[in-house]
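Following the UniProt record's numbering, the residues of the sequence shown are numbered contiguously, the last one being 437. For glycine and all other residues, C-beta sits at the position ideal for the given N, C-alpha and C. For reference, the structure discussed in these notes is given below.
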Amino acid sequence: MSVTQLLQYAGYGVVFIIMISILVAAHELGHYLFARLFNMGVEEFAIGFGKKPILIWGHRTYTLPIKPGENWDETGGKALAGAENTAALLSASLEGSNPDREIERIETPTGPVLRETTAFTVRPWPLGGFVRIKGMMPEEDGSETKITGGFYSKAPWQRFIVLLAGPMFSILAGIVLLTSVLMVDGKDVFNKQPVLGALTAGKPAELSGLKEGDRVLAIGNKPVSQFYDIIVAVRSSNGAPLEFQVDRAGVKSTHKVVAELDPEPSYQLGPDLETTDVKAKSYKIGILPKTNRIRLPFGAAVAEASNMPIEAVSGLAKLFKHPQNFKDNVGGPVTMVSATAAAVQVGFWKVVMLSALLSISVGIMNLLPAAPLDGGQMLMAVAEMLRGGRRLSLRSQAIANGIGLTFVAVLILSVWVVDIQRLATPSKPKPAAAKPK
């Protein structure tokens, strides 16, 4: 491997780390802002993991009212974690210790308050982050509910909102990024006209002499008025020869094309060239419709970007419904770095698009009802609300955490296995999910 290639791969890694750090910061910002809104003490806002911070880039001092009976000199701080740092939870040492914090009790005319400081840090391992909120360590005697500014000293509904804020900020960040892409860089849309777009090399259309830009006038004795007519003719051909009559820059010609049955099931295109939920084997000739690049106005861009989380939830539901498709639809660090490299090669806005999709995915995954994900902790907060605010027993919490952690660990290991298999198996080009051939 040459020095140039090493530098290139290093550049991809740097872009990936910057991208992940920004997405983590957005997620943790949600937790932080709402924790402070409800007067929870926040000991640290960290990007990355490791025993000690390599950089403390800021401090923010705040005060908390001390209520009668509260333990103002205890912290019980623990990282509030999301999907982006779940792997780190498998090793508690990755959180490290709190940086030195200033804690001071002050008497005021309205009563005693506690003055504390949040440290904003960067830790050495950059693939994650956390917000350390006071009083998140459950105790047998329930003393965590008596810590001034502690997480469990607040009502379950407040804790629920703090937990929800992280995933919501991830989703919101993704929508904002995606909106900017659609407005500035635009999107490709299929042209419904019967004009050929990209042709796959070595496939029937290309071998027959058809070229990109050819306008299909008729197939056999049937006139063609839109691209979907071509799709229907190819699908229904059952491998019989098709006679394409085309116009190429004013010159008419005829080409005989024999469609091939694709052994890999793929999602089919509908009459408006939209991707449908129908997945099946079909005859293809290796063509795509011609595409137009359009920039969306603000309202349309927001509407389309806002629909992406809904599509992500739908896709996740389909994945659980059809687990046999798991390996084709998930990826770990290796897959994400590869996707980042591909995006960098295309350009800046492709990287922004990838960042948007990853941010939305982080938000959705965090809502899964499994501890230590935010969704699992939200579920326990809901259980407390249903119990009139009474805390769950340590045993119940331990069981829930054990089940959730096992699920997350299995999920992470499964994704790693998929990544390793992709590395070990030579990649071969695959047709796009909705590619009509």
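What would DSSP say about residue i, mapped onto helix, strand or coil?
i	result
His-31	helix
Lys-222	strand
Trp-349	helix
Thr-179	helix
Arg-391	coil
Gly-202	coil
Gln-193	coil
residue 472	With the chain covering only 1 through 437, there is no way to say anything about residue 472.
Pro-167	helix
Pro-65	strand
Gly-355	This sequence places Ser at residue 355; Gly is not what is there. DSSP places Ser-355 in helix when its eight states are reduced to three.
Leu-207	helix
Ser-253	strand
Lys-327	helix
Lys-52	coil
Leu-367	coil
Asp-419	helix
Skipping 5 residues on each side, what residues in its chain have a beta carbon closer than 8 Å to that of residue i?
i	result
Phe-298	Thr-179, Met-183
Val-330	Leu-319, Ser-414, Val-415, Val-418
Ala-92	Annotation note: pLDDT 36 at Ala-92 (below 50); position unreliable, coordinate value reported separately. There are no such residues.
Thr-254	Glu-243, Phe-244, Gln-245, Val-246
Leu-23	Glu-84, Ser-170, Ala-173, Ser-355, Leu-358, Ser-359, Val-362
According to DSSP, what are the bridge partners of residue i?
i	result
Tyr-152	Answer is none; Tyr-152 lacks a bridge partner.
Phe-130	Ala-46
Gly-58	Phe-120
Lys-284	Glu-260
Arg-115	Thr-63, Glu-104
Thr-275	Leu-269
Arg-215	Val-195, Asp-247
Asp-188	Arg-293
Ile-147	Asn-71
Trp-125	Phe-49
Within its chain, find whatever has a CB closer than 7 Å to the CB of residue i; leave out the 5 residues flanking it on each side and keep chain order.
i	result
Val-113	Thr-63, Leu-64, Pro-65, Ile-66, Ile-106
Pro-263	Lys-281
Leu-29	Phe-169
Val-15	Thr-340, Val-344, Val-351
Using C-beta distances below 6 Å, list every residue in its chain close to residue i, excluding the 5 sequence neighbours before and after it, in chain order.
i	result
Ile-133	Ala-35, Met-40, Val-42, Leu-80, Phe-151
Ala-434	Annotation note: pLDDT 43 at Ala-434 (below 50); position unreliable, coordinate value reported separately. So the list reads Tyr-267, Leu-269, Thr-275, once near-sequence residues are dropped.
Ser-237	Ala-259, Tyr-283
Pro-369	Gly-375, Gly-376, Leu-379
Ile-103	Glu-116
Ala-312	Ile-360, Ile-364
Gly-202	none
Taking the beta strand (DSSP E) that residue i belongs to, which residues open and close that run?
i	result
Asn-292	291–294
Leu-269	266–269
Ile-106	104–108
Phe-244	241–248
Could you give the C-beta distance for residue i and residue j, rounded to a whole number, given that I count them as a contact under 8 Å?
i	j	result
Gly-363	Pro-167	4 Å
Lys-154	Gly-69	Actually they are not in contact, since the Cβ atoms of Lys-154 and Gly-69 sit about 15 Å apart, beyond 8 Å.
Ser-21	Pro-126	6 Å
Val-216	Ile-230	6 Å
Ile-294	Val-257	That pair is no contact at about 30 Å.
Tell me which residue opens and which closes the alpha helix (DSSP H) that residue i is part of.
i	result
Gly-299	298–321
Asp-374	374–386
Val-234	227–235
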